[in-house]
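**Q** Here it is: the structure, laid out below.
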Amino acid sequence: MTSEEMDAREEFENCFLHFVQALQVLSHDADTQCEEMGNYNTPWEIQRDTAGSGLGSLRLSAPYLSWGQAEKIVDLVAALRRLPKEALSVPVPHMKMIGHAGCITAMNHPAWEPLRKEATQLLVLLEPAIKRNEAYFQEQ
234 MTSEEMDARE
244 EFENCFLHFV
254 QALQVLSHDA
264 DTQCEEMGNY
274 NTPWEIQRDT
284 AGSGLGSLRL
294 SAPYLSWGQA
304 EKIVDLVAAL
314 RRLPKEALSV
324 PVPHMKMIGH
334 AGCITAMNHP
344 AWEPLRKEAT
354 QLLVLLEPAI
364 KRNEAYFQEQ
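Numbers 234 to 373, taken from our numbering, label the letters of the sequence shown in order.
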């Protein structure tokens, strides 16, 4: 294996790890999500982190993701991108996205609930890939 191939594998593994971490946050309830994201622009961060690393994992040729797994990642990313602006910000001018009140208001928008469920289901579907990813980092 050349160093270039190793670099591509390492890039995929890191990207996939970040996706799994973002997916874990997405699967939690609103209070936990806000806490885990430091109550700082939580909706936007979750949307960006999950969508970006999910597509990044696929772009990097996803060496051990099945077609079905890849398809579910694409579906989740598409759903995240369709979130209404009310789920990503707060309509009240004095409420900001850099504190708990603003973050929890946005994260309690009903559009997030199906995404939490989808993230939980995707974590189960990706379990074999997640174990391979964990093994990769344990070997490093």
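We treat Cβ as the ideally placed atom computed from N, Cα and C, and that holds for glycine.
Have a look at 294, 275, 280 and flag the residue whose alpha-carbon is nearest the alpha-carbon of residue 382.
**A** A question about residue 382 goes unanswered here, because the residues of the chain that appear run from 234 up to 373.
**Q** By Cβ distance, which residues of its chain are closer than 8 Å to residue 366, with the 5 residues on each side in sequence left out?
**A** In the sequence shown, counting from the first residue as 1, residue 366 sits at position 133. Same-chain partners within the cutoff: 246, 249, 250, 253.
**Q** Assuming the contact rule is C-beta atoms closer than 8 Å, residue 313 and residue 348 should be a hit. Round their C-beta distance to whole Å, please.
**A** Locating residue 313 in the sequence shown gives position 80, where the first residue counts as 1. Locating residue 348 in the sequence shown gives position 115, where the first residue counts as 1. Contact holds; Cβ gap of about 7 Å.
**Q** Leaving out the 5 sequence neighbours to the left and right, which residues in its chain are closer than 8 Å to residue 339 when beta-carbon positions are compared?
**A** Taking the sequence shown and counting its residues from 1, the one referred to as residue 339 is at position 106. Taken in chain order, the residues that qualify are 275, 276, 319, 320, 321, 322, 323, 330.
**Q** Here's the rule: buried if 16 or more other CB atoms are within 10 angstroms of the residue's CB, otherwise exposed. What is residue 265?
**A** In the sequence shown, counting from the first residue as 1, residue 265 sits at position 32. Residue 265 is exposed by the Cβ-count criterion.
**Q** Under DSSP, the alpha helix (DSSP H) around residue 322 begins and ends at which residues?
**A** Start at 1 with the first residue of the sequence shown, and residue 322 comes out as number 89. Element bounds for residue 322: n/a, residue is neither H nor E.
**Q** Can you tell me which of the three DSSP states residue 363 falls into?
**A** The count along the sequence shown starts at 1 and reaches residue 363 at position 130. Reduced to three states, the DSSP call for residue 363 is helix.
**Q** Tell me which residue opens and which closes the alpha helix (DSSP H) that residue 299 is part of.
**A** Position 66 of the sequence shown, counting from 1, holds the residue named residue 299. Segment: none, residue 299 is in no alpha helix (DSSP H) and carries neither H nor E.
**Q** Applying the 10 Å Cβ sphere with the 16-neighbour rule, what's the burial state of residue 280?
**A** Here residue 280 refers to the residue found at position 47 of the sequence shown. Looking at its Cβ environment, which holds 16 or more other Cβ atoms inside 10 Å, residue 280 is buried.
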